Amino acid sequence: MYSIGERFLAHEPPERRAGILGEKERIFRELVSGQIVPVPGLMALLDRADRAGVPMVAVTNAPRANAELLLSGLGVVHRFKALVIGDELAHGKPHPLPYLEGLRLAGAVASASLAFEDSRSGIQSATAAGIATIGMRTGLSHADLLAAGAVTSARASTIPN
0 MYSIGERFLA HEPPERRAGI LGEKERIFRE LVSGQIVPVP GLMALLDRAD
50 RAGVPMVAVT NAPRANAELL LSGLGVVHRF KALVIGDELA HGKPHPLPYL
100 EGLRLAGAVA SASLAFEDSR SGIQSATAAG IATIGMRTGL SHADLLAAGA
150 VTSARASTIP N
């Protein structure tokens, strides 16, 4: 949220900026509550990971309340070993710390891990932590995702069981 505040509310004092951003997030949660649907292919991917015993961690720069709402709305909270929130750490994305924390919590090593990201800052964070990253084409092009550091990109689709 820092970059949004800096970009669009730089003229506001820090306390006012925080209030505006907090209200924006509250309205977001109100608007999406009960309307959360998975990206096509997500549930099949999570099913495969569960069957293979792959530990998963959700790593996000979203506020905790938003992340928890989305994961619970999808009914997938139980599938993740942990939820890492960038703003709760000394550094959020694009710094590698959120993904390094995710690796620690999963008991995983970067060289044997894979990240799925749809933002430049997320790809930069994961790759800086040494994790091969697949860029998800939910808003950025294949070229943009590769330029950010993704090893390849994919669009949301049905993943065969």
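Counting with numbering that gives the first Met the number 0, you get residues 0 to 160 for the letters of the sequence shown. Yeah, the Cβ is synthetic: ideal placement off N, Cα and C, and Gly gets one too. Fair warning: this is a prediction, and the values are worked out from it, not measured in the lab.
Bridge partners of residue i, per DSSP?
i, result
"residue 134", "116, 152"
"residue 84", "59"
Looking only at its chain, what residues have a beta carbon closer than 8 Å to the beta carbon of residue i, apart from the 5 residues adjacent to it on each side?
i, result
"residue 49", "78"
"residue 104", "56, 80, 81, 83"
"residue 74", "none"
"residue 69", "31, 35, 61"
Using the C-alpha atoms, what's the distance from residue j back to residue i?
i, j, result
"residue 47", "residue 62", "28 Å"
"residue 28", "residue 20", "12 Å"
"residue 118", "residue 33", "25 Å"
"residue 141", "residue 18", "36 Å"
"residue 38", "residue 145", "21 Å"
"residue 87", "residue 40", "29 Å"
"residue 64", "residue 139", "25 Å"
"residue 1", "residue 24", "Residue confidence for residue 1 is low, a pLDDT of 49 falling below 50, so the modelled location carries little weight and cannot support an answer."
"residue 122", "residue 58", "11 Å"
"residue 72", "residue 42", "13 Å"
"residue 135", "residue 155", "7 Å"
"residue 108", "residue 12", "42 Å"
"residue 127", "residue 14", "32 Å"
Here's a check: name, in chain order, each residue in its chain whose Cβ is nearer than 7 Å to the Cβ of residue i, leaving out the five neighbours to either side.
i, result
"residue 16", "4, 8"
"residue 125", "98, 114, 116, 132"
Could you spell out where the alpha helix (DSSP H) holding residue i opens and where it closes?
i, result
"residue 144", "141–147"
"residue 76", "First-last for residue 76: undefined, no H or E at that position."
"residue 96", "96–105"
Please go through the same chain and pick out, in chain order, the residues whose beta-carbon is closer than 6 Å to the beta-carbon of residue i, but skip the five residues on each side of it.
i, result
"residue 60", "85, 91, 92"
"residue 150", "131"
Give a single yes or no on whether residue i has its beta carbon closer than 7 Å to a heavy atom of the ligand GTP.
i, result
"residue 20", "The model depicted lacks the ligand GTP and carries no ligand whatsoever."
**Ordered list of beta strand (DSSP E) runs contained in the segment 10–65, each at least 3 residues** = 56–59
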